[in-house]
């Protein structure tokens, strides 16, 4: 588990022992992402959109490929965002994600629709999130990764105390947090 030491040295915090993380990853069949704060820093352009990085596109595709190897089928993949965001919609279409749920102020409603549509249980979903608005979904999921929020130490403390994430990363962007799951699913 030397790769865990590398990420730990860079500030990633694993909130579960490695053997527990491996068990959790074993049951994952789907991926769900928040948009703002996960694929970008949350900044909006004049039209209300927020951009994405090509590097994060590759991160999503590596995660999907790793799950395809592990499960012998493509994982259902979705974005759930509280905003209407044309760039998120474009990303989802371009990357052939299964769904994008936009304008959901109550994200658990969108998550329930996603689970129902794909015949999944919440524990079969890995969820990538960044803020307090995502906790109601994170609490249900089988593997939870909270992305970089350096300006939110109280939120990180709360998430740690409540056990609302399995991994807290100091990295921003999906591409920077996919190494642990990809490494597990590809073995």
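In my numbering, the protein residues as written are 100 to 286.
Backbone N, C-alpha and C fix where the C-beta goes; we use that ideal spot for every residue, glycine too.
Owing to the predicted nature of the structure, the values given are computational and were not obtained by experimental measurement.
Excluding the 5 residues flanking residue i on each side, which residues of the same chain have their C-beta closer than 7 Å to its C-beta?
i	result
residue 223	126, 127, 128, 129 and 241
residue 120	113 and 265
Go ahead and pull the three-state DSSP assignment for residue i.
i	result
residue 225	strand
residue 196	coil
residue 219	coil
Could you spell out the range, first to last residue, of the beta strand (DSSP E) harbouring residue i?
i	result
residue 242	242-245
Taking all protein chains shown into account, decide if residue i is buried (16 or more other Cβ within 10 angstroms of its Cβ) or exposed.
i	result
residue 168	exposed
residue 163	buried
residue 191	buried
residue 247	buried
residue 243	buried
residue 171	exposed
Residues in its own chain within less than 6 Å of residue i by CB, not counting five upstream and five downstream?
i	result
residue 197	175, 176 and 177
residue 210	236
How is the alpha helix (DSSP H) around residue i delimited, first residue to last?
i	result
residue 256	252-261
residue 236	234-237
Please list, in chain order, all residues of the same chain as residue i whose beta carbon is under 8 Å from its beta carbon, the five residues on each side excluded.
i	result
residue 262	114
| query | What are the uninterrupted segments assigned as alpha helix (DSSP H) that are 4 or more residues long and contained completely in the segment 108-178, given in chain order? | reply | 117-125 and 153-170
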